[in-house]
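Novice: Please read through the structure below; I'll follow up with questions.
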Amino acid sequence: MHELSLALNARDIIEAAAVREGFARVREIHLVVGELSCVEPEALRWALAEALRGTCAETAEVKLRIEAGHGRCPACGHEAAMQVLYDICPACQQSALVAQAGTRMQLLDLRVE
Amino acid sequence: MCTTCGCHTPLPAMPAPLPDTSWESRLVHLEADLLASNDAQAARNRQLLQRAGVRALNLMSSPGAGKTTLLVETIRRLQGTMPVAVIEGDQQTRLDAERIEATGVPVTQINTGKGCHLDARMVHQGLMQLPLLPEGVLLIENVGNLVCPAAFDLGEHHKVVVFSVTEGEDKPLKYPDMFRAADVLVLNKCDLLPHVRFDVSRALDYARQIRPDVQIFQLSATEGSGMDAWVDWLRARVRA
Numbered sequence: 013m014h015e016l017s018l019a020l021n022a023r024d025i026i027e028a029a030a031v032r033e034g035f036a037r038v039r040e041i042h043l044v045v046g047e048l049s050c051v052e053p054e055a056l057r058w059a060l061a062e063a064l065r066g067t068c069a070e071t072a073e074v075k076l077r078i079e080a081g082h083g084r085c086p087a088c089g090h091e092a093a094m095q096v097l098y099d100i101c102p103a104c105q106q107s108a109l110v111a112q113a114g115t116r117m118q119l120l121d122l123r124v125e
Numbered sequence: 010m011c012t013t014c015g016c017h018t019p020l021p022a023m024p025a026p027l028p029d030t031s032w033e034s035r036l037v038h039l040e041a042d043l044l045a046s047n048d049a050q051a052a053r054n055r056q057l058l059q060r061a062g063v064r065a066l067n068l069m070s071s072p073g074a075g076k077t078t079l080l081v082e083t084i085r086r087l088q089g090t091m092p093v094a095v096i097e098g099d100q101q102t103r104l105d106a107e108r109i110e111a112t113g114v115p116v117t118q119i120n121t122g123k124g125c126h127l128d129a130r131m132v133h134q135g136l137m138q139l140p141l142l143p144e145g146v147l148l149i150e151n152v153g154n155l156v157c158p159a160a161f162d163l164g165e166h167h168k169v170v171v172f173s174v175t176e177g178e179d180k181p182l183k184y185p186d187m188f189r190a191a192d193v194l195v196l197n198k199c200d201l202l203p204h205v206r207f208d209v210s211r212a213l214d215y216a217r218q219i220r221p222d223v224q225i226f227q228l229s230a231t232e233g234s235g236m237d238a239w240v241d242w243l244r245a246r247v248r249a
């Protein structure tokens, strides 16, 4: 359950932002999780519910966007969609694709009041 | 308007009602990486180790691949030639730490409880409890798990994945995050090869497919074959 560690980090980020930006309640939490990151979205939702209990974001709605995986072949330069990390290049079959997008796990913004 | 009843005097101005902001909201832009605080602590750990002149290895594997036996046998060979210290990560119990303690090197146990991996903050606590001697090595035994530990930088210099021949050859393909993160692969329990169906070259091809530059050691921690090459490499890394 490394999602719980990530959720606790999210809690720390939110609480620091509340002090810095002076808000009392978080209505929405906007997250982006890459298809190729090692995060299970449903496990992250559950972990966030646990981690945010008793904070200003306890009742916040979690909006989670999945970012599609996309990679480039270092051998031939071919670009392709990736479902899993280290897919072999479909064009030249010579090398594993290197992910260009889809590895992020970020807290993008908060809707606050 | 008259002067009798006072209706000519303007009413005192009522304070303007406070705007009702309960429905208002604003967006706070963060774009904060969820691993950022771990990465920052890992960078501090790395600095601390660098200053002390200590090389750190993070050993990871599935449960039962032989990490603790590999540690004990590695310590036995290094002892007396360089300072060795150990951080033991386990969800429960001190059993592994006791096996390490029996070798006589300083060891600190971290029980992660429900946590399935060590993180940089836990390792920092461990570092505070251990003597860090120059030209020494710190061996960190992570929780037996091929998934979660891959994502958490501890501040180590090398990530070592221990893979045993009693597992499936396709482990590198099934757990690519781990086999991508590790720059060193120890194929353990090679003494059992005559008794198991395990295609070494296929397994190592899979590992290189995930990480082409991975450094590979084939050994048996219990029988001792291949241990010299591994320990020599470790010694060279500490002196580098």
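As you go down the protein sequences, you meet chains G and X in turn. Under our numbering, the residues of the first sequence are numbered 13 to 125, in order. Under our numbering, the residues of the second sequence are numbered 10 to 249, in order. We put the beta carbon where it would ideally sit given N, CA and C, even for glycine.
Answer with buried or exposed for Met187 of chain X, where buried requires no fewer than 16 other C-beta atoms within 10 angstroms of its C-beta.
Specialist: buried
Novice: Please decide whether Asn47 of chain X counts as near chain G, where near means a Cβ-Cβ distance under 8 Å.
Specialist: Judged by the 8 Å Cβ criterion, Asn47 of chain X is in contact with chain G.
Novice: Report yes if the CB atom of Thr112 of chain X is closer than 8 Å to the CB atom of Gly135 of chain X, and no otherwise.
Specialist: no
Novice: If we count the other Cβ atoms within 10 Å of its Cβ and call it buried at 16 or more, is Val247 of chain X buried or exposed?
Specialist: buried
Novice: Does the CB of Arg123 of chain G have a neighbour CB from chain X at under 8 Å?
Specialist: yes
Novice: Report the neighbours of Ser34 of chain X on chain G: residues whose CB is nearer than 7 Å to its CB, in chain order.
Specialist: Per Cβ cutoff of 7 Å: Arg39, Arg123, Val124 and Glu125.
Novice: Check distances from the C-beta atoms of the region 86-116 of chain G to those of chain C and list, in chain order, the residues that come in under 9 Å.
Specialist: The structure shown contains no chain C; its protein chains are G and X.
Novice: Among X:Ala94, X:Arg220, X:Val195 and X:Asn47, which residue has its Cα nearest to the Cα of Val114 of chain X?
Specialist: X:Ala94
Novice: Between which two residues does the alpha helix (DSSP H) holding Leu57 of chain X run?
Specialist: Ala45 to Ala61
Novice: Look at Asn120 of chain X and Asp99 of chain X and say whether their C-beta atoms are less than 8 Å apart.
Specialist: yes
Novice: Closer than 9 Å, Cβ to any Cβ of chain G: which residues of the region 188-200 of chain X, in chain order?
Specialist: Phe188 and Arg189
Novice: Whole angstroms is fine: what's the gap from Lys183 of chain X's alpha carbon to Glu70 of chain G's?
Specialist: Distance between the alpha carbons of Lys183 of chain X and Glu70 of chain G is about 36 Å.
Novice: Check whether the region 37-54 of chain X touches the region 66-80 of chain G, taking contact to mean three or more Cβ pairs, one atom from each stretch, closer than 8 Å.
Specialist: no
Novice: Quick check on Thr13 of chain X: buried or exposed, where buried means 16 or more other Cβ atoms within 10 Å of its Cβ?
Specialist: Residue placement at Thr13 of chain X is poorly supported in this model, since its pLDDT is 48, which falls under 50; the coordinates still yield a value, given next. Exposed.
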